[in-house]
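Numbering-wise (numbering that gives the first Met the number 0), the first sequence opens with residue 0 and increments by one. Beta carbons are placed, not taken as given, at the ideal position from N, Cα and C, and that holds for glycine. Keep in mind that this is a model prediction, so the values were computed, not measured. Everything on this sheet refers to the single structure shown next.
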Amino acid sequence: MVKQEPEAYSFAQFIRDKTTAWTGVRNFRARNFLKAMQKGDEVLYYHSVSEKAVVGIAAVVKTAYPDPTAKPDEKGDWVCVNLKAVRAFPRAVSLDEIKARPGLKNIPLLRQSRLSVMPLTATEAKIIKGLGES
DNA sequence: GCCAACGTTGGC
DNA sequence: GCCAACGTTGGC
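Put into structure tokens, the structure is as follows:
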């Protein structure tokens, strides 16, 4: 799952762009999760702050490579991945709904709200997709 | 290498 | 707009 403020880069914009480079991640843990992404992996797209809901699905089209927006003197080897927008959910899955699901109690989104890139188990992803596409 | 101070993020 | 949580920075 990746997280983004809709004011900064909304899923609607992402759909229009079709693909995007997921750059600008400057957190070590988030970076490690970026590096772990495999081509074809599904990515849930969460709108933070003003909307607080999972709004759609994307997919990894290119695995981690050096982030072109990172300055050479910035410490850490920052990476980005390329994502493609797959589809918007017919119905956004709100943070409240996620909190209400016992099966989603342990997702990093709830446990560590500031992490911008995080892994989900297959089961967790399935529950959220089930809600969003029902 | 520890820890206080500060900045940022994100939920409320 | 506030504040808690977290990460980062800098003094010691």
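With distances taken Cα to Cα, identify the nearest neighbour of residue i among the options.
i, options, result
"Gly-75", "Pro-65, Asn-81, Leu-82", "Pro-65"
"Ala-165", "Phe-13, Tyr-8, Ser-9", "Residue numbering for the chain in the displayed model covers 0 to 133; residue 165 lies beyond these limits and cannot be assessed."
"Val-80", "Pro-89, Phe-32, Glu-132", "Phe-32"
"Gln-111", "Arg-90, Ser-93, Arg-28", "Arg-28"
"Gly-23", "Tyr-8, Arg-15, Gln-37", "Tyr-8"
"Pro-67", "Tyr-45, Pro-101, Lys-2, Trp-77", "Trp-77"
"Ser-47", "Lys-17, Gly-102, Val-59, Val-1", "Val-1"
"Arg-30", "Ile-126, Pro-101, Leu-114, Lys-17", "Leu-114"
"Gly-102", "Trp-21, Gln-3, Leu-82, Ala-121", "Ala-121"
For residue i and residue j, what's the separation of their Cα atoms in angstroms?
i, j, result
"Leu-140", "Glu-73", "Shown here, the chain extends from 0 to 133; a query on residue 140 therefore has no answer."
"Leu-119", "Lys-70", "30 Å"
"Thr-19", "Ala-124", "22 Å"
"Ile-106", "Thr-62", "23 Å"
"Gly-139", "Val-116", "Nothing about residue 139 can be reported from this structure: the residues present for the chain run from 0 to 133 only."
"Lys-104", "Glu-41", "20 Å"
"Tyr-45", "Lys-38", "20 Å"
"Asn-26", "Arg-15", "27 Å"
"Phe-10", "Ala-99", "24 Å"
"Leu-134", "Trp-21", "This structure leaves residue 134 out entirely; the chain is present only between 0 and 133."
"Phe-88", "Lys-34", "26 Å"
Apart from the five residues just before and just after residue i, which ones in its own chain have a Cβ nearer than 8 Å to its Cβ?
i, result
"Arg-90", "Leu-130, Gly-131, Glu-132, Ser-133"
"Met-36", "Val-42, Val-59, Thr-62, Ala-63, Val-80"
"Ile-127", "Leu-43, Val-53, Val-92, Ile-97, Leu-103, Leu-119"
Once the 5 residues before and after residue i are set aside, which same chain residues still bring their CB inside 6 Å of it?
i, result
"Glu-4", "Ser-47, Val-48"
"Leu-108", "none"
Spatial neighbours of residue i within its chain, please: C-beta separation below 7 Å, excluding the five flanking residues on both sides.
i, result
"Arg-86", "Gly-55, Ile-56"
"Lys-17", "Lys-83, Ala-84"
May I ask whether a heavy atom of the ligand FMN can be found less than 7 Å away from the beta carbon of residue i?
i, result
"Leu-103", "With respect to small molecules bound, the structure shown includes none, and the ligand FMN cannot be examined in it."
- Query: Touch check for the region 81-100 and the region 48-67: three-plus C-beta pairs under 8 Å?
  - Reply: yes
*Which runs of the alpha helix (DSSP H), 4 residues or longer, sit entirely within the region 22-110?*
27-35, 94-99, 107-110
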